Amino acid sequence: MPRLYSFVVACWLAQSSRSVAHPADDIEPEAEPPAVVYETSDPHDTATGSIEAILKQQVQDNVAASNRDFSLSSGGTTPYTGNAAAAADEALKQILTANEQKKARVAEERDHIDEERSRHSRRMMELEDKLRQSLDKLQERENNIYASEHKLESQLEKGEKEMKNLDHRAAEGRFLHKRIHKSIIEGEEGKLKSKYHGRIHPHRHEFAK
242 MPRLYSFVVA
252 CWLAQSSRSV
262 AHPADDIEPE
272 AEPPAVVYET
282 SDPHDTATGS
292 IEAILKQQVQ
302 DNVAASNRDF
312 SLSSGGTTPY
322 TGNAAAAADE
332 ALKQILTANE
342 QKKARVAEER
352 DHIDEERSRH
362 SRRMMELEDK
372 LRQSLDKLQE
382 RENNIYASEH
392 KLESQLEKGE
402 KEMKNLDHRA
412 AEGRFLHKRI
422 HKSIIEGEEG
432 KLKSKYHGRI
442 HPHRHEFAK
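Under this note's numbering, the first residue of the sequence shown is numbered 242, with each subsequent residue one higher.
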(Lines of atoms letter the chains of each structure in order from A and count residues from 1; the text may use other names and numbers.)
(Lines give C-alpha, C1' and ligand atoms only; values in the text may rest on other atoms or scores of the structure.)
Protein backbone atom coordinates (compact mmCIF):
# COMPACT_ATOMS: atom_id res chain seq x y z
CA MET A 1 0.00 0.00 0.00
CA PRO A 2 2.86 2.54 0.51
CA ARG A 3 3.72 2.09 -3.18
CA LEU A 4 0.08 2.83 -4.05
CA TYR A 5 0.15 6.12 -2.14
CA SER A 6 3.46 7.03 -3.80
CA PHE A 7 1.92 6.40 -7.20
CA VAL A 8 -1.09 8.64 -6.45
CA VAL A 9 1.10 11.48 -5.18
CA ALA A 10 3.46 11.19 -8.17
CA CYS A 11 0.58 11.37 -10.66
CA TRP A 12 -0.92 14.38 -8.90
CA LEU A 13 2.42 16.26 -8.81
CA ALA A 14 3.07 15.50 -12.48
CA GLN A 15 -0.31 16.80 -13.60
CA SER A 16 -0.08 19.88 -11.38
CA SER A 17 3.35 20.84 -12.74
CA ARG A 18 2.12 20.31 -16.31
CA SER A 19 -0.95 22.52 -15.72
CA VAL A 20 1.13 25.36 -14.26
CA ALA A 21 3.93 25.17 -16.82
CA HIS A 22 1.64 25.49 -19.88
CA PRO A 23 -0.80 28.36 -20.42
CA ALA A 24 -4.50 27.60 -20.49
CA ASP A 25 -4.69 28.35 -24.21
CA ASP A 26 -2.32 25.44 -25.02
CA ILE A 27 -4.03 22.84 -22.86
CA GLU A 28 -4.59 19.65 -24.78
CA PRO A 29 -6.54 16.53 -23.83
CA GLU A 30 -4.72 14.57 -21.19
CA ALA A 31 -2.59 11.71 -22.49
CA GLU A 32 -2.59 8.32 -20.87
CA PRO A 33 0.32 8.14 -18.41
CA PRO A 34 2.89 5.39 -19.10
CA ALA A 35 2.41 2.14 -17.38
CA VAL A 36 4.41 1.68 -14.23
CA VAL A 37 5.92 -1.67 -13.45
CA TYR A 38 6.43 -2.41 -9.78
CA GLU A 39 8.93 -4.87 -8.44
CA THR A 40 7.35 -6.57 -5.54
CA SER A 41 7.82 -9.64 -3.50
CA ASP A 42 4.39 -9.26 -1.83
CA PRO A 43 2.05 -12.10 -2.94
CA HIS A 44 -0.94 -9.82 -2.45
CA ASP A 45 0.17 -7.24 -5.10
CA THR A 46 -1.66 -9.16 -7.83
CA ALA A 47 -4.90 -8.74 -5.90
CA THR A 48 -4.40 -4.98 -5.60
CA GLY A 49 -3.94 -4.39 -9.32
CA SER A 50 -7.61 -3.60 -9.88
CA ILE A 51 -7.59 -1.18 -6.93
CA GLU A 52 -4.58 0.62 -8.39
CA ALA A 53 -6.34 0.90 -11.73
CA ILE A 54 -9.43 2.40 -10.10
CA LEU A 55 -7.36 4.87 -8.11
CA LYS A 56 -5.37 5.79 -11.21
CA GLN A 57 -8.61 6.53 -13.08
CA GLN A 58 -9.85 8.66 -10.19
CA VAL A 59 -6.59 10.60 -10.19
CA GLN A 60 -6.91 11.20 -13.94
CA ASP A 61 -10.51 12.40 -13.51
CA ASN A 62 -9.49 14.74 -10.71
CA VAL A 63 -6.61 16.11 -12.77
CA ALA A 64 -8.92 16.68 -15.73
CA ALA A 65 -11.40 18.50 -13.47
CA SER A 66 -8.55 20.62 -12.10
CA ASN A 67 -7.47 21.47 -15.66
CA ARG A 68 -11.01 22.51 -16.52
CA ASP A 69 -11.21 24.74 -13.45
CA PHE A 70 -7.80 26.23 -14.21
CA SER A 71 -8.77 26.87 -17.83
CA LEU A 72 -11.98 28.57 -16.75
CA SER A 73 -10.20 30.81 -14.25
CA SER A 74 -7.40 31.73 -16.68
CA GLY A 75 -9.66 32.33 -19.70
CA GLY A 76 -8.65 29.22 -21.61
CA THR A 77 -10.60 27.83 -24.55
CA THR A 78 -10.57 24.14 -23.89
CA PRO A 79 -13.60 22.13 -25.01
CA TYR A 80 -14.91 22.35 -21.46
CA THR A 81 -14.68 26.13 -21.12
CA GLY A 82 -17.44 27.16 -23.54
CA ASN A 83 -20.43 26.06 -21.51
CA ALA A 84 -18.64 26.84 -18.26
CA ALA A 85 -17.93 30.42 -19.34
CA ALA A 86 -21.53 30.90 -20.44
CA ALA A 87 -22.75 29.48 -17.16
CA ALA A 88 -20.35 31.74 -15.26
CA ASP A 89 -21.55 34.78 -17.21
CA GLU A 90 -25.16 33.85 -16.52
CA ALA A 91 -24.40 33.35 -12.83
CA LEU A 92 -22.61 36.70 -12.75
CA LYS A 93 -25.57 38.39 -14.43
CA GLN A 94 -27.91 36.83 -11.89
CA ILE A 95 -25.70 38.02 -9.05
CA LEU A 96 -25.58 41.54 -10.49
CA THR A 97 -29.33 41.54 -11.01
CA ALA A 98 -29.88 40.36 -7.45
CA ASN A 99 -27.54 43.07 -6.18
CA GLU A 100 -29.39 45.73 -8.16
CA GLN A 101 -32.68 44.49 -6.78
CA LYS A 102 -31.26 44.58 -3.26
CA LYS A 103 -30.00 48.12 -3.85
CA ALA A 104 -33.43 49.15 -5.11
CA ARG A 105 -35.12 47.60 -2.09
CA VAL A 106 -32.64 49.26 0.25
CA ALA A 107 -33.18 52.63 -1.43
CA GLU A 108 -36.95 52.20 -1.24
CA GLU A 109 -36.73 51.23 2.41
CA ARG A 110 -34.46 54.21 3.08
CA ASP A 111 -36.97 56.54 1.42
CA HIS A 112 -39.73 54.99 3.50
CA ILE A 113 -37.70 55.48 6.67
CA ASP A 114 -36.95 59.10 5.73
CA GLU A 115 -40.63 59.72 5.07
CA GLU A 116 -41.61 58.18 8.40
CA ARG A 117 -38.94 60.24 10.16
CA SER A 118 -40.19 63.42 8.52
CA ARG A 119 -43.79 62.60 9.40
CA HIS A 120 -42.80 61.85 12.98
CA SER A 121 -40.84 65.11 13.18
CA ARG A 122 -43.83 67.10 11.89
CA ARG A 123 -46.11 65.36 14.38
CA MET A 124 -43.71 66.09 17.22
CA MET A 125 -43.52 69.76 16.20
CA GLU A 126 -47.33 69.98 16.13
CA LEU A 127 -47.55 68.40 19.57
CA GLU A 128 -44.89 70.75 20.89
CA ASP A 129 -46.81 73.75 19.53
CA LYS A 130 -50.04 72.55 21.14
CA LEU A 131 -48.27 71.91 24.41
CA ARG A 132 -46.67 75.35 24.30
CA GLN A 133 -50.05 76.97 23.66
CA SER A 134 -51.61 75.03 26.53
CA LEU A 135 -48.79 76.06 28.83
CA ASP A 136 -49.19 79.69 27.77
CA LYS A 137 -52.93 79.57 28.52
CA LEU A 138 -52.26 77.92 31.86
CA GLN A 139 -49.67 80.56 32.70
CA GLU A 140 -52.13 83.30 31.76
CA ARG A 141 -54.81 81.79 34.00
CA GLU A 142 -52.31 81.50 36.83
CA ASN A 143 -51.36 85.15 36.39
CA ASN A 144 -55.03 86.15 36.44
CA ILE A 145 -55.62 84.13 39.60
CA TYR A 146 -52.59 85.73 41.23
CA ALA A 147 -53.80 89.19 40.24
CA SER A 148 -57.27 88.42 41.62
CA GLU A 149 -55.80 87.16 44.88
CA HIS A 150 -53.64 90.26 45.17
CA LYS A 151 -56.63 92.51 44.50
CA LEU A 152 -58.75 90.63 47.05
CA GLU A 153 -56.00 90.88 49.65
CA SER A 154 -55.75 94.61 49.00
CA GLN A 155 -59.51 94.97 49.40
CA LEU A 156 -59.42 92.94 52.62
CA GLU A 157 -56.64 95.11 54.02
CA LYS A 158 -58.57 98.21 53.05
CA GLY A 159 -61.74 96.81 54.65
CA GLU A 160 -59.86 95.97 57.83
CA LYS A 161 -58.51 99.52 58.00
CA GLU A 162 -61.98 100.93 57.45
CA MET A 163 -63.37 98.65 60.18
CA LYS A 164 -60.68 99.83 62.57
CA ASN A 165 -61.44 103.44 61.71
CA LEU A 166 -65.15 102.81 62.22
CA ASP A 167 -64.49 101.13 65.55
CA HIS A 168 -62.32 104.05 66.59
CA ARG A 169 -64.94 106.55 65.50
CA ALA A 170 -67.65 104.55 67.23
CA ALA A 171 -65.61 104.53 70.43
CA GLU A 172 -65.09 108.27 70.14
CA GLY A 173 -68.80 108.71 69.48
CA ARG A 174 -69.73 106.67 72.50
CA PHE A 175 -67.30 108.63 74.62
CA LEU A 176 -68.66 111.92 73.35
CA HIS A 177 -72.20 110.69 73.78
CA LYS A 178 -71.54 109.75 77.40
CA ARG A 179 -69.79 113.04 77.99
CA ILE A 180 -72.56 115.04 76.41
CA HIS A 181 -75.20 113.01 78.16
CA LYS A 182 -73.42 113.47 81.46
CA SER A 183 -72.96 117.18 80.91
CA ILE A 184 -76.57 117.57 79.92
CA ILE A 185 -77.83 115.61 82.89
CA GLU A 186 -75.52 117.36 85.26
CA GLY A 187 -76.40 120.73 83.77
CA GLU A 188 -80.10 120.10 84.00
CA GLU A 189 -79.76 118.76 87.48
CA GLY A 190 -77.78 121.82 88.48
CA LYS A 191 -80.40 124.05 87.00
CA LEU A 192 -83.15 122.23 88.81
CA LYS A 193 -81.28 122.37 92.06
CA SER A 194 -80.62 126.04 91.73
CA LYS A 195 -84.21 126.70 90.73
CA TYR A 196 -85.90 124.68 93.39
CA HIS A 197 -83.31 124.95 96.13
CA GLY A 198 -85.37 127.31 98.29
CA ARG A 199 -88.60 125.43 97.82
CA ILE A 200 -87.43 121.96 98.67
CA HIS A 201 -87.12 121.05 102.30
CA PRO A 202 -83.62 120.08 103.19
CA HIS A 203 -84.71 116.87 104.73
CA ARG A 204 -86.78 116.03 101.71
CA HIS A 205 -83.92 117.00 99.51
CA GLU A 206 -81.56 114.79 101.40
CA PHE A 207 -84.06 112.00 101.24
CA ALA A 208 -84.41 112.54 97.53
CA LYS A 209 -80.71 112.04 97.16
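Virtual Cβ for every residue (Gly too), placed ideally from N, Cα, C. Everything numeric in this text was worked out from a predicted model, so none of it was measured.
Item to complete: Express the C-alpha separation of Ile336 and Thr281 in angstroms, rounding to a whole number.
Response: Note that Thr281 has pLDDT 47, beneath the 50 cutoff, so the model's placement of it is unreliable and no number is given.
*Is there at least one non-hydrogen atom of the ligand FMN closer than 6 Å to the beta-carbon of Arg415?*
Absence of the ligand FMN is noted for the structure shown, with no ligands found whatsoever.
Mind pulling the alpha helix (DSSP H) runs of 4 or more residues that sit fully within the region 363-390?
none
For Asp377 and Gly414, the rounded distance between their alpha carbons: 54 Å
Discussion item. For Lys344 and Glu357, what's the separation of their Cα atoms in angstroms?
Written reply: Taking the straight line joining both Cα atoms gives about 20 Å.
Closer than 6 Å by C-beta to Ala299: which residues in its own chain qualify, once you throw out the five before and the five after it? Chain order, please. For the record, residue 299 in the displayed sequence is Gln; it is not Ala. Correct list: empty, nothing qualifies.
For this session: Determine the direct distance from the alpha carbon of Leu379 to that of Val347, and round the result to whole angstroms.
Result: 47 Å
(message) Measuring straight from C-alpha to C-alpha, what distance separates Lys402 and Asp408?
(response) Taking the straight line joining both Cα atoms gives about 10 Å.
Roughly how many angstroms lie between the CA atoms of Lys399 and Glu429, to the nearest whole one? 44 Å
Notebook entry, point to check: Going straight from the alpha carbon of Ala272 to that of Ile295, what length do you get?
Noted result: With a pLDDT of only 48 at Ala272, under the threshold of 50, the placement of this residue in the model should not be trusted, and no figure is reported.
Original post:
Quick one: Cα of Asp302 to Cα of His353, how far?
Top reply: Looking at the two C-alpha atoms, the distance is approximately 54 Å.
### Task
Alpha carbon to alpha carbon, how far is His418 from Ser435? Give it in angstroms, no decimals.
25 Å
Note to self: To the nearest angstrom, how far is the alpha carbon of Ala332 from that of Ala339?
What the structure shows: 10 Å
Nearest-angstrom Cα distance between Ser395 and Asn384? 16 Å
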